[in-house]
Amino acid sequence: MKRWSRWRELLAGTAGLSVTLGLSFLIAVALILLLSKQPLATIRWFFIGPFTNKYYLGNMLNTAVPLVFTGLGIAVAFKSSVFNLGGEGQVYSGALVTTVICLALPAANGYGGGLASLAGAMACGAVLAGLSGLLKMKWGTDELISTFLISSAVGFIVNYFITGPLDDPANNLLASYAIAPQYFLAGIFPPSRLNVSAGFAVLAAAAVFFLLNYTHTGYEMRMCGLNREFSRYGGINVSAYVVLPLVLSGALHGLAGGLAVLGTQHMAVKDFSFGMGWNGIAVSLIAKNNPLAVVPAAVFFAWLEAGAKAAMLHSDVTFEIAAIVQSVIFYLVTAQALYGALRRRKVRL
Amino acid sequence: MAYLRMRGITKMYPENNVLANAEVDFEVRRNEIHALVGENGAGKSTLMKILYGLERPDRGGIELEGRPVHIGSPLEAGRLGIGMVHQHFRLIPDFTIAENVVLGVEPVRRGLFLDREKAQASVRAVIQEYGFSIDPSLRVRELTVGQMQVVEIIKILYRRAQLLILDEPTSVLTAQQIQKLFLTLRHLRDIGKTVIIITHKLGEVKEISERVTVMRAGRVVAVRDTAEVDERELSRLMVGKAASLQVRREPAARGRAVLELRQVCLLGRGQDHPLLDRVDLTVHAGELVGVAGVGGNGLAELEDVVSGLRRVSSGRILHDGQEITRLDARELRRRGLAYVPADRLHRGSSLTSSVMENMIIASHHRFLRGGVLRRRQAEGFASRLAERFSIEGDPRVPIGTLSGGNIQKVILARELASRTDFILFSEPTWGLDVASSEFIYERIMEIRGQGLAILLLSSNLDEILSLADTLVVMYRGRVVARLANSGAVSKELVGEYMLGLKEDRP
Ligand SMILES: Nc1ncnc2c1ncn2[C@@H]1O[C@H](COP(=O)(O)OP(=O)(O)OP(=O)(O)O)[C@@H](O)[C@H]1O
Ligand SMILES: [Mg+2]
Chain A
4 MKRWSRWREL LAGTAGLSVT LGLSFLIAVA LILLLSKQPL ATIRWFFIGP
54 FTNKYYLGNM LNTAVPLVFT GLGIAVAFKS SVFNLGGEGQ VYSGALVTTV
104 ICLALPAANG YGGGLASLAG AMACGAVLAG LSGLLKMKWG TDELISTFLI
154 SSAVGFIVNY FITGPLDDPA NNLLASYAIA PQYFLAGIFP PSRLNVSAGF
204 AVLAAAAVFF LLNYTHTGYE MRMCGLNREF SRYGGINVSA YVVLPLVLSG
254 ALHGLAGGLA VLGTQHMAVK DFSFGMGWNG IAVSLIAKNN PLAVVPAAVF
304 FAWLEAGAKA AMLHSDVTFE IAAIVQSVIF YLVTAQALYG ALRRRKVRL
Chain B
2 MAYLRMRGIT KMYPENNVLA NAEVDFEVRR NEIHALVGEN GAGKSTLMKI
52 LYGLERPDRG GIELEGRPVH IGSPLEAGRL GIGMVHQHFR LIPDFTIAEN
102 VVLGVEPVRR GLFLDREKAQ ASVRAVIQEY GFSIDPSLRV RELTVGQMQV
152 VEIIKILYRR AQLLILDEPT SVLTAQQIQK LFLTLRHLRD IGKTVIIITH
202 KLGEVKEISE RVTVMRAGRV VAVRDTAEVD ERELSRLMVG KAASLQVRRE
252 PAARGRAVLE LRQVCLLGRG QDHPLLDRVD LTVHAGELVG VAGVGGNGLA
302 ELEDVVSGLR RVSSGRILHD GQEITRLDAR ELRRRGLAYV PADRLHRGSS
352 LTSSVMENMI IASHHRFLRG GVLRRRQAEG FASRLAERFS IEGDPRVPIG
402 TLSGGNIQKV ILARELASRT DFILFSEPTW GLDVASSEFI YERIMEIRGQ
452 GLAILLLSSN LDEILSLADT LVVMYRGRVV ARLANSGAVS KELVGEYMLG
502 LKEDRP
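Protein chains in written order, with my numbering: chain A, 4 to 352; chain B, 2 to 507.
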């Protein structure tokens, strides 16, 4: 393919997304004009609010970090045509495992113990998702359902630990004891909560991109994702590629949870992962499963969320209105991405 | 006066900047059978897709019965009485024949539900009217490629099309089926329909068509009355030189037994007679065994079993004397099996992947360094293969954007280039133009000379008779004949075996 036509194709894809974006912003503005008594301020806070000071900006970027990991987790699975609807539970249990390991080693070296706790989180996510892969390989159980069910069940177990044995009676939160300070990830944009995990997120995106496009494993994964019959015919071990993408996906989700504990919360907070798994799916859709595009897509998401928050704080907008405006943009963009994804499925000859 | 007139049709595919049609003028008279010929990638399918509303031309117009028409979709084409059978099937495997045929124009009950009985009855009526013999309640999954082709034709007949476009309908049919199809086409012409047929077999052009349009590199280079051209001239018009399908088969030394099937049985679910019934087959090094059979008699199953994609119910398969009965495709590849499948679009290639990625599916281990795929090397490999097999197009474009014949050439190139001692071909030249077929035959003879064991499954008897050392005929899952192809074997004799009129039982 000639280089310029590839650019043109990319541009065409981006153009479609921009039109949708523009349209959804117009609708959002119209809604605000209709519902807010001080629409100009609301619009300003909603769209520009997150950029007005370092605190907001940093926090917005920090919200994007776990979404990058969950988005990558979903992209890896999608590229291999397997589905992981258990992201929530994998993030949540990853956070718990990290917390438990840090609490169990209160005096360990910050680096060693921190790494061990993240490894634990990844292993936990990997096992949970990989289990669904094994079930599919052995008995053909649909991973769409099993990932979701396992994740939901795990959610209750994590809740039990956070509100039971690990609950810190000294704080008023539904949260565990705090981990020791030597584990905290260094902040990089004070006074915001943004920390070095943002760097890890960018590295992870690059790593997943490299894995998918430049390695042997990535090639086999993508081939299985595009055409399983062809892959089997060509001598690829197709049953392994039901399990492996789920293991990777689960590990990335677990890591999202672990990093949230070390970087942002410093404890396991009840229900903090709410929505992260699902938003990861949306992020991956918008990014068309391209790992590099997952980063801006996650930031876009975080921006919507931060904007809604800022508008609530500084203007007359209620939580409901903010949520409506946020979801209008969200659904339009996701629908456009979904439509594109489905259309690309249709093979032309 | 022309019934259909396409004028100045120009079409550039933006994905790869290929000018598939350049200022094409194409005319068809009412009530004629018009052949459209040209090399692989000449732009025939593209022109027909434009006529059927599947592709939009950049420039040019279409007139039907003197009136300019706009054909924006297959639906509109259908309304204008235009129907098309595609080069590659578009059937839904899990639906029955009847359901596939009525898809989109279903008879409904109470305005909502598919009326299965009525659907079956009306499809059965069409089947009888045109003299086909196929049971409309069968699932398409269970059919052979030949039968699927028939279903595609029934599908447009069911829609009462006036203008029928058939893109390479004969490629997968046996000689008898082709004769039947031609009878049908003549009958259709006699009752007032018009037919456009694309084929690579010039004999068929002479046999069935009244006029012929020749395309080369996206342009129309000649329009002739068929009676006034001979095959040599046609082929000269197509490629600029005369090509003939002559294969020189030199006697080869037969070596050790490489592949052996012993009493192989395959039972189908819910079928009373086995799909493969105690099949014994041996292929030696340097030997080409050709298996002939009418669709539905076990060839497709033999393909699946030998390639390791389907487990036998009983019996043994040996490679170099070692048991390989339970090995899957992956392990067989490791042992040196190469395989060109009949189903090129789902099994043989991954349409949205690049030509390069398709080329290296079974050999990507060769391009690794520390787990990293060396793209440069792989692309270089793909380019060299593409050049050797004269496949047009950059190896980085999706293989689905190549013409049908070129997709097949990619598959053949890949399998012929893999380092093997045993190769299975199923319908290898289906969709290839004459020059490409000839090239492939030469390559097959070349690897035979190098001592490969070759198993060829084909519905093309000429192909088998000109290539095979040993000829095997299958009927109802059984081997009914095993003949040394001495040159004395006639098509008629093989035909009798194929139809079950004659049988040698060892
Ligand atoms: N969907 C597509 N996207 C991009 N290029 C295409 C597409 N379809 C066809 N082409 C290109 O257009 C040219 C003409 O293709 P077409 O399918 O019309 O050839 P054809 O005459 O039918 O050949 P064959 O005999 O091999 O089927 C080829 O170079 C092919 O690569
Ligand atoms: Mg074609």
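Glycine included, C-beta positions come from ideal geometry on N, C-alpha and C.
Is there at least one Cβ from chain A nearer than 9 Å to ASP26/B's Cβ? So, not an interface residue.
For ALA173/A, does the three-state DSSP call read helix, strand or coil? coil
Within 9 Å, strictly: CB atoms of PRO170/B and GLY478/B: No, they are not a contact pair.
When you check each C-beta in the stretch 137–166 of chain B against every C-beta of chain A, which residues fall closer than 8 Å? none
Selection of the stretch 200–233 of chain A by Cβ proximity to chain B, strictly under 9 Å: PHE213, ASN216, TYR217, THR218, HIS219, THR220, GLY221, TYR222, GLU223, ARG225, MET226, LEU229, ASN230, GLU232, PHE233
For ligand 1, is there a heavy atom less than 8 Å away from the beta-carbon of TYR14/B? Answer for TYR14/B: yes, Cβ within range of ligand 1.
Output the distance between the C-alpha atoms of ALA43/B and GLY372/B, rounded to the nearest integer angstrom. 40 Å
Counting beta carbon pairs with one atom in the stretch 296–306 of chain B and one in the stretch 127–146 of chain B, are three or more of them shorter than 8 Å? Yes, they touch.
Interface flag, ASN292/A vs chain B, CB-CB below 9 Å: Proximity of ASN292/A to chain B, defined by a Cβ-Cβ separation below 9 Å, is not satisfied.
Identify whether ILE182/A lies in helix, strand or coil by the three-state DSSP scheme. coil
Can the beta-carbon of SER351/B be found closer than 9 Å to that of SER84/A? no
Using a 10 Å radius around the Cβ and a threshold of 16 neighbouring Cβ atoms, would you call GLY488/B buried or exposed? exposed
Who's in the neighbourhood of ligand 2, going by beta-carbon under 7 Å from any heavy atom, listed in chain order? LYS45/B, SER46/B, GLN88/B, ASP168/B, GLU169/B, ILE199/B, SER404/B, GLY405/B, GLY406/B
Determine, using beta carbons only, whether ILE332/A and LEU118/A come nearer to each other than 9 Å. no
Taking CB distances under 9 Å as the criterion, tell me whether LEU247/A reaches chain B. no
Would you say the beta carbon of LEU48/B comes nearer than 8 Å to a heavy atom of ligand 1? yes
Touching by the beta-carbon criterion (3+ pairs, under 8 Å), the stretch 12–25 of chain B and the stretch 56–68 of chain B: yes
Could you name each continuous alpha helix (DSSP H) segment of 4 residues or more that falls completely within the stretch 192–247 of chain A, going from the start of the chain to the end? Counting whole runs of 4 or more residues, the stretch 192–247 of chain A contains the alpha helix (DSSP H) stretches 200–217, 219–229, 231–236.
Would you mind giving the Cβ-Cβ distance between ILE77/A and GLY283/A, rounded to the nearest angstrom? I have them listed as a contact below 8 Å. 5 Å
Specify the secondary structure class of SER315/B as computed by DSSP and reduced to three states. strand
Consider the C-beta atom of THR402/B and the heavy atoms of ligand 1; say whether any pair is separated by less than 8 Å. yes
Can you confirm whether the stretch 90–105 of chain A touches the stretch 222–237 of chain A when touching is taken to mean that 3 or more C-beta pairs between the two stretches lie within less than 8 Å? no
Alpha carbon of ALA122/A to alpha carbon of ALA314/A, nearest angstrom: 38 Å
For chain B, is any of its Cβ atoms less than 9 Å away from the one on ILE239/A? yes
Can you check which of these residues, GLY238/A, PHE212/A, ALA209/A, is closest to GLU223/A by C-alpha distance? GLY238/A
Interface residues of chain A facing ARG331/B [CB-CB closer than 8 Å]: Ordered by position in chain A, the residues that pass the 8 Å Cβ test against ARG331/B are ARG235, GLY238, ILE239, ASN240.
Neighbour-count burial assignment, ASP168/B, 16 or more Cβ in a 10 Å radius: Under this definition ASP168/B is a buried residue.
Do you know whose CA, among SER404/B, GLY432/B, VAL435/B, ILE441/B, lies nearest GLU416/B's CA? ILE441/B
Under a Cβ-count criterion, where at least 16 other Cβ atoms within 10 Å of its own Cβ denotes burial, should ASP305/B be classed as buried or exposed? buried
TYR131/B at chain A interface by Cβ criterion, 9 Å: No, TYR131/B lies away from the interface with chain A (no Cβ there is under 9 Å from its Cβ).
Step through the CB atoms of chain A and report whether any lies within less than 9 Å of the CB of GLU393/B. no
Ordered along the chain, which non-local residues of its own chain (more than five positions away) have a Cβ less than 7 Å from that of SER419/B? ALA339, ALA363, SER364
Compute every distance between the C-beta of GLU393/B and the non-hydrogen atoms of ligand 1, then say whether any falls below 8 Å. yes
Anything in chain A within Cβ reach of SER351/B, meaning under 7 Å, just list it in chain order. MET226, LEU229, ASN230, PHE233
Grab me the residues of ASP273/B's own chain with a C-beta within less than 7 Å of its C-beta, minus the 5 sequence neighbours each way, in chain order. none
Does the stretch 67–77 of chain A come into contact with the stretch 255–267 of chain A, if we say contact requires no fewer than three beta-carbon pairs (one atom in each stretch) closer than 8 Å? yes
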